[in-house]
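This report refers to the structure that appears directly beneath it.
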Amino acid sequence: MIPKVEKVWPEFRPVDATEVELPSQCPVCESPVVMPEGEALARCSGGLYCAAQRIEAIRHFVSRKALDIEGLGDRWVESLLHLDLLKDVADIYHLHEHREKLLTIEKMGEKSVQNLIDSIENSKKTTLAAFIYALGIRGVGETTARMLANTFQTLDVLRVADIDALKKTPDVGDITAEWIVDFFQAPHNLEVLDRLLAAGIHWDAPVAPSRQPLNGESWVVTGTLSTMGRDEATQLLQALGARVSGSVSSKTKCVVAGEKAGSKLDKAEKLGIAVINEAEFIQLMKDYGQLAV
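Add 22 to a position in the sequence shown, counting from 1, and you land on the number used in the numbering used here.
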């Protein structure tokens, strides 16, 4: 049951009552407390830096759709925090320097420690989209992270993007754009970000225009896709040089057909144009390095 305040009777307040003031700083990391207009919750802006948000930030960072560090579960994280080996997500990439301390953790033998170190090392090779998602920027889920990666192509460009530039990205509205800008303007977030990159996290450079494998080809996306929206599929194709059209013609190279594709699929079949389903499209994007394998 959720209570609802129906009425306030100021006359019943104690004479010494004072108005509740919103704290200006987080009591843990001293970052500014913010409460965006129209929201009911005040939040710490500490992001990757705040110790109170540390466990959830690490859980998210190592999750399968982010940096995918196998073996770094809750029990490991809690033990590492207890040993003061994890102050933020960047410390993950320095755990190999503390092998002897890792071996003191209960039920963690040589093999378990080595497997964890190997998994951390393997996670350094990722994609820009997965890295953006792993940062845990508010409002940036897996799909939005992919759209940002496809739109801005490099982290350096994304880091300095303003609200107007961000809003041109499919799936990014006014509020999310503000959250992204705030994240990349926070000095403590930038410090952690730079340490992550210095530790060796990297991804392939975007495909150069001269090497775009679908350059000049006309593609059509139709029907409902279960793993992404049509806008995102369009962005993926455009990043490879394709022109994405809203109609099928004799000049169409290929049609990506989701569920309930309808008349566009019928026309493609009549014209003998190549048609691929969603699973084949996803695999194609993985082959071209647009999606993580």
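Yeah, the Cβ is synthetic: ideal placement off N, Cα and C, and Gly gets one too.
Fair warning: this is a prediction, and the values are worked out from it, not measured in the lab.
Report the option in the options whose CA atom is closest to the CA atom of residue i.
i: Leu-138; options: Leu-102, Asn-172, Ala-279; result: Leu-102
i: Leu-44; options: Leu-313, Thr-173, Lys-26, Leu-63; result: Leu-63
i: Val-99; options: Lys-87, Leu-89, Ile-127; result: Ile-127
i: Ala-208; options: Ser-285, Phe-34, Asp-106, Leu-70; result: Leu-70
i: Gly-158; options: Lys-190, Glu-92, Ala-301, Val-111; result: Val-111
i: Phe-153; options: Arg-181, Val-135, Ser-134, His-210; result: Arg-181
i: Val-214; options: Ala-79, Gly-294, Arg-265, Leu-313; result: Ala-79
i: Ala-183; options: Thr-166, Thr-165, Asn-172, Ile-202; result: Ile-202
i: Tyr-115; options: Gly-131, Phe-83, Lys-87, Lys-133; result: Phe-83
i: Asn-237; options: Leu-218, Leu-287, Val-266; result: Val-266
i: Arg-76; options: Met-57, Arg-121, Asp-96, Arg-86; result: Asp-96
i: Val-270; options: Pro-49, Lys-289, Leu-258; result: Lys-289
i: Val-50; options: Ala-220, Leu-247, Glu-300, Gly-68; result: Gly-68
i: Gly-251; options: Ser-141, Leu-125, Glu-281; result: Glu-281
i: Gly-163; options: Thr-173, Val-27, Ala-151; result: Ala-151
i: Leu-218; options: Cys-48, Gly-60, Leu-177, Ala-199; result: Leu-177
i: Thr-166; options: Asp-309, Lys-87, Ala-220; result: Lys-87
i: Met-307; options: Glu-28, Lys-123, Gln-260; result: Gln-260
i: Met-130; options: Glu-41, Gly-93, Ile-142; result: Gly-93
With residue i as the anchor, note down where its beta strand (DSSP E) starts and where it stops.
i: Thr-126; result: Segment: none, Thr-126 is in no beta strand (DSSP E) and carries neither H nor E.
i: Val-42; result: Per DSSP, Val-42 belongs to no beta strand (DSSP E) and is neither H nor E.
i: Arg-265; result: 265 to 267
Have a look at the DSSP bridge pairing and note the partners of residue i.
i: Trp-225; result: Thr-148
i: Val-325; result: Given a span of 23 to 315 for the chain in the structure shown, any question on residue 325 remains unanswerable.
Considering residue i, what are the terminal residues of the alpha helix (DSSP H) in which it resides?
i: Ile-295; result: Per DSSP, Ile-295 belongs to no alpha helix (DSSP H) and is neither H nor E.
i: Lys-308; result: 300 to 309
i: Arg-168; result: 164 to 174
i: Arg-217; result: 209 to 220
i: Ile-185; result: 185 to 189
i: Thr-256; result: 252 to 261
i: Arg-181; result: 177 to 181
Under 8 Å by Cβ, that's how I've got residue i and residue j pegged, so tell me the actual separation to the nearest angstrom.
i: Ala-283; j: Gly-245; result: 4 Å
i: Val-242; j: Val-277; result: 5 Å
i: Asp-90; j: Ser-145; result: 6 Å
i: Asp-226; j: Gly-311; result: 6 Å
i: Met-169; j: Thr-191; result: 5 Å
i: Ile-197; j: Thr-249; result: Ile-197 to Thr-249, Cβ: 25 Å. No contact.
i: Ala-264; j: Glu-239; result: 5 Å
i: Ser-46; j: His-210; result: 17 Å between Cβ atoms; not a contact.
i: Ala-296; j: Lys-275; result: 7 Å
i: Leu-107; j: Asp-113; result: 6 Å
i: Pro-235; j: Leu-258; result: Not really, about 12 Å apart at Cβ, beyond 8 Å.
i: Ile-185; j: Ala-171; result: About 18 Å separates the two Cβ atoms, so there is no contact after all.
i: Glu-119; j: Leu-125; result: Glu-119 to Leu-125, Cβ: 13 Å. No contact.
Counting only beta-carbon separations shorter than 8 Å, does residue i have a partner in chain B?
i: Thr-256; result: Checking the listed chains, one finds no chain B in this structure; it contains a single protein chain.
Exercise for review: Taking only runs that begin and end inside the segment 46 to 97, name each unbroken alpha helix (DSSP H) of 4 or more residues, in chain order.
Suggested key: 76 to 84
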